[in-house]
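So the structure is just underneath, and the comments pick up after that.
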Amino acid sequence: MAKSAAEVIVETLVASGVKRIYGLPGDSLNGLTDAIRARSEIQWVHVRHEEVAAFAAGAEAHLTGDLVVCAGSCGPGNLHLINGLYDCHRSRVPVLAIAAQIPSAELGTGYFQETHPEILFKDCSYFCELVSDPENVPRILGIAMRTAITRRGVAVVVAPGDVLLGDCSGSVHAVSAIKLCDAGSVFHPCETDLETAAEILNAAGKVTILGGAGCAGVHAELMALAAHLKAPIVHALRGKEYLEYDNPYDVGMTGLLGFSSGYYAMMNCDTLLMLGTDFPYTQFFPEKAKIIQVDVRGEQIGRRTHVDLGLIGTVRDTVRALMPKLKKKKDTKHLDVSVKHYAEARKGLEELAVGEPGKTPIHPQYVAKLVDELASEDAVFTCDVGLPTVWAARYLRMNGRRSLIGSFVHGSMASALPQGIGAQAAYPGRQVIALAGDGGLAMSMGDLLTLRQMKLPVKIIVFNNSALGFVELEMKAAGFLDFGTNLVNPSFAEVGTAFCTATTTRTSTTTLRRPISPTCPIRGFSSATAGTPTSSPPAGTTSVSAATSTSTRSSPADTSRTSSTSGIHTTATTGPPG
Ligand SMILES: Cc1ncc(C[n+]2csc(CCOP(=O)(O)OP(=O)(O)O)c2C)c(N)n1
Ligand SMILES: [Mg+2]
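Start counting the sequence shown at 19; every next residue gets the next number (my numbering).
Below, the structure written as structure tokens:
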């Protein structure tokens with residue numbers, strides 16, 4: 019008996035090692051969901067909003083490096099995927115989206131729910147095609163999957179419901195094993211370019227390295243390089259996971275979320291070596307330094323700052339090929355000054371992360387620091403755009419086993435919960451902690467129910483400052499009066515109790531450490547002492563801790579301000595860090 023195109027899709031995905039499809043069903047998608055239902059090897063992760071499906075797929079792809087799939091029904095169903103798909107695409111994670119379409123016979127007539135995903139998703143994908151013949155499904159699917167995997171981004175297959183249900187005689191072929199790096203391929207610049215790079219670096223006095231996400235998996239090589247060049251290492255936010263730990267050359271971040279040590283290490287160098295980074299802020303690059311940029315994608319080179327030498331290659335292979343050509347530097351002054359500066363900057367940050375017993379509100383820095391201390395060694399952290407990203411960047415320590423995921427390129431609010439869903443679904447045994455903003459959580463709040471339904475024990479820390487805090491800061495910094503940024507919140511603890519199972523609210527530093535101590539929610543999550551659960555937690559439980567953080571209604575110069583919301587009263591004692 020002939021298979022349906024949907025069955026061929028699902029069998030191909032299974033054969034290719036895809037473990038999960040995140041989505042929400044609908045008429046036009048019935049062929050696919052029914053084919054998934056029949057296969058135990060692939061899990062349907064049922065979300066409440068398709069945007070969450072795309073973010074979750076992206077988080078799983080980030081952690082595993084493997085292709086992950088999300089799906090939406092025709093029209094509004096798949097349209098909801100779009101923001102999450104932008105995030106996946108811009109974060110360069112391999113995600114396949116299956117966008118169901120209205121019946122083929124109705125296309126172009128303005129039919130109920132008609133949209134044109136093959137146009138809509140063009141800008142957030144490397145491949146985006148409508149398949150109009152069930153027999154053509156295997157080829158289009160294969161191209162889409164290979165494109166997503168090799169180019170590391172989004173591919174979209176648009177398929178009308180009748181095409182998904184139509185007969186397909188094509189055989190099933192696994193699509194995998196063509197990952198560029200895993201194939202053992204070596205990709206570095208030509209000998210002449212490597213010689214030129216070595217000449218510049220050998221002649222340089224003060225070298226600084228700026229590393230980004232392209233530094234994944236290259237820790238040992240980069241430590242050897244920095245030791246050789248006596249170079250401080252500044253990281254972009256997406257480089258934090260890969261560069262910050264066991265790194266005596268680490269001088270922190272620069273940029274809008276960074277701090278002075280990263281800034282000065284960049285500004286005071288005479289040669290900047292950019293490795294696998296697309297750090298976007300032009301104003302943070304040195305104007306007079308010589309700049310060498312290494313990137314596997316040539317089109318990235320020189321688009322943020324002037325570049326004296328662009329090298330196309332992977333960071334790993336380029337650094338390996340370059341090392342034998344480099345002279346070992348002796349002068350450690352630039353490195354020493356930068357590292358000392360970093361120690362001072364860190365000290366300043368630590369001084370902000372304190373809690374005074376009985377004092378409310380709780381400094382958000384203190385919450386982030388405690389979370390860092392209490393989280394497990396292989397925790398996955400997700401964080402919302404806005405101030406939670408600042409706290410994550412500054413206070414969560416990476417160690418080579420922990421992971422940090424956020425919407426760091428696309429910059430969308432409300433990714434912490436969705437990405438937590440994807441992380442926890444992919445790694446049920448790992449601790450997943452979402453640092454959510456009160457604005458961010460409210461935006462994706464419906465998917466707290468996904469945690470309940472899918473039994474995903476994600477821990478959510480809500481930084482409840484009753485405000486779109488980061489935007490308030492931006493308004494003040496730009497000389498605007500803050501407007502439209504206050505949030506009238508419910509009790510997040512009650513929301514958590516209603517939506518999930520175990521919740522705790524902490525409004526004072528007196529009790530803060532205890533509830534998220536090793537015996538309580540963060541680690542021993544199902545412990546009876548986990549706050550005040552109003553119903554007994556099932557196997558997979560979820561904690562929503564509402565940390566009432568410093569009100570961002572205060573400008574950095576303010577020292578005392580009071581804000582109140584229904585249920586939670588906060589007295590800000592310090593403003594956010596400058
Ligand atoms: C979808 C989306 N809408 C708006 C913005 C602009 N924006 C960036 S941060 C932010 C505030 C986030 O507020 P919250 O989640 O409460 O975090 P806070 O900064 O208060 O800690 C907003 C509105 C955005 N980045 N994404
Ligand atoms: Mg907020």
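By construction, the Cβ of each residue, glycine as well, lies at the ideal position given by its N, Cα and C atoms.
Check: Nearest-angstrom Cα separation, counted from Glu-492 out to Asp-500; Outcome: 9 Å
Check: Contacting residues, own chain, Cβ-Cβ under 8 Å from Pro-346 (five flanking each side not counted); Outcome: The sequence shown places Lys at residue 346, not Pro. His-246.
Check: Distance between Asp-402 and Gly-458 (C-alpha atoms, nearest Å); Outcome: 6 Å
Check: Status (buried if at least 16 other CB within 10 Å, exposed otherwise) for Gly-128; Outcome: exposed
Check: Below-8 Å beta-carbon distance, Gly-294 vs any chain B residue; Outcome: Among the chains in the structure shown there is no chain B, since it carries only a single protein chain.
Check: Top-ranked residue by Cα proximity to Ala-397, from Pro-382, Phe-498 and Ser-421; Outcome: Ser-421
Check: Cβ contact check for the segment 70-80 and the segment 144-156: 3 or more pairs under 8 Å; Outcome: no
Check: C-alpha distance - Ala-24 paired with Leu-183, whole-angstrom precision; Outcome: 6 Å
Check: Spatially closest choice to His-67 from Arg-256, Ala-173, Ile-439 and Ile-227, by CA coordinates; Outcome: Ile-439
Check: Cutoff 8 Å; reference Cys-186; Cβ partners in own chain excluding five residues on either side; Outcome: Ala-20, Lys-21, Ser-22, Ala-23, Glu-25, Val-26, Pro-152, Glu-153, Val-155 and Pro-156
Check: The segment 450-468 contacting the segment 79-94, beta-carbon criterion three pairs below 8 Å; Outcome: no
Check: Per DSSP, cross-strand counterpart(s) of Lys-21; Outcome: Cys-186
Check: Complete runs of the beta strand (DSSP E) confined to the segment 281-346 [at least 3 residues]; Outcome: 289-293, 308-313 and 327-330
Check: Endpoints, the alpha helix (DSSP H) within which Glu-69 is located; Outcome: 68-82
Check: Backbone secondary structure at Gln-131 - three-state DSSP; Outcome: coil
Check: Neighbourhood of Ala-244 by C-beta, 7 Å cutoff - its chain only, sequence neighbours within 5 removed; Outcome: Ile-227, Ile-251 and Tyr-267
Check: Those runs of the beta strand (DSSP E) which lie wholly inside the segment 246-272 and span at least 3 residues; Outcome: 251-253 and 268-271
Check: Ser-433 in three-state terms, based on DSSP; Outcome: coil
Check: Burial state of Tyr-299, where buried means 16 or more other Cβ atoms lie within 10 Å; Outcome: exposed
Check: Boundaries of the alpha helix (DSSP H) in which Tyr-104 is found, first to last residue; Outcome: 100-109
Check: Closer than 7 Å: Asp-456 CB and nearest ligand 2 heavy atom; Outcome: yes
Check: Closest residue to Arg-419 among Ser-394, Gln-437 and Pro-121 (Cα-Cα distance); Outcome: Ser-394
Check: heavy atom of ligand 1 below 7 Å from Phe-426 C-beta; Outcome: no
Check: Anticipated Cβ contact below 8 Å, Val-190 with Arg-164, distance rounded; Outcome: The pair is not a contact, with the Cβ atoms about 15 Å apart (cut-off 8 Å).
Check: For Ser-484 and Asp-105, believed in contact at Cβ under 8 Å, the rounded distance; Outcome: The pair is not a contact, with the Cβ atoms about 26 Å apart (cut-off 8 Å).
Check: Alpha-carbon to alpha-carbon, Glu-59 and Val-32; Outcome: 7 Å
Check: Reduced DSSP secondary structure (H/G/I, E/B, other) of Pro-556; Outcome: Caution applies to Pro-556, whose pLDDT of 32 falls short of 50 and renders its modelled position unreliable; the value that the coordinates give is listed next. Three-state DSSP puts Pro-556 in coil, outside helix and strand.
Check: Secondary structure of Ile-423, DSSP reduced to three states; Outcome: strand
Check: 8 Å contact criterion, which Ser-174 and Pro-121 should meet: CB distance rounded; Outcome: The identity of residue 174 in the sequence shown is Val, whereas the question assumes Ser. About 19 Å separates the two Cβ atoms, so there is no contact after all.
Check: DSSP bridge partner residues for Pro-178 (one or two, in chain order); Outcome: Gln-119
Check: 3-residue-minimum beta strand (DSSP E) runs that sit fully inside the segment 341-425, ordered along the chain; Outcome: 398-401 and 421-424
Check: Where Ile-27 falls: helix, strand or coil (DSSP); Outcome: helix
Check: Beta bridge counterpart(s) of Thr-226 as assigned by DSSP; Outcome: Leu-290
Check: Closest by C-alpha distance to Trp-62, when choosing among Phe-139, Asn-504, Met-472 and Val-489; Outcome: Met-472
Check: Cβ neighbour criterion (16 or more within 10 Å) applied to Ser-91; Outcome: buried
Check: Per DSSP, the bridge partner or partners of Val-172; Outcome: Val-113
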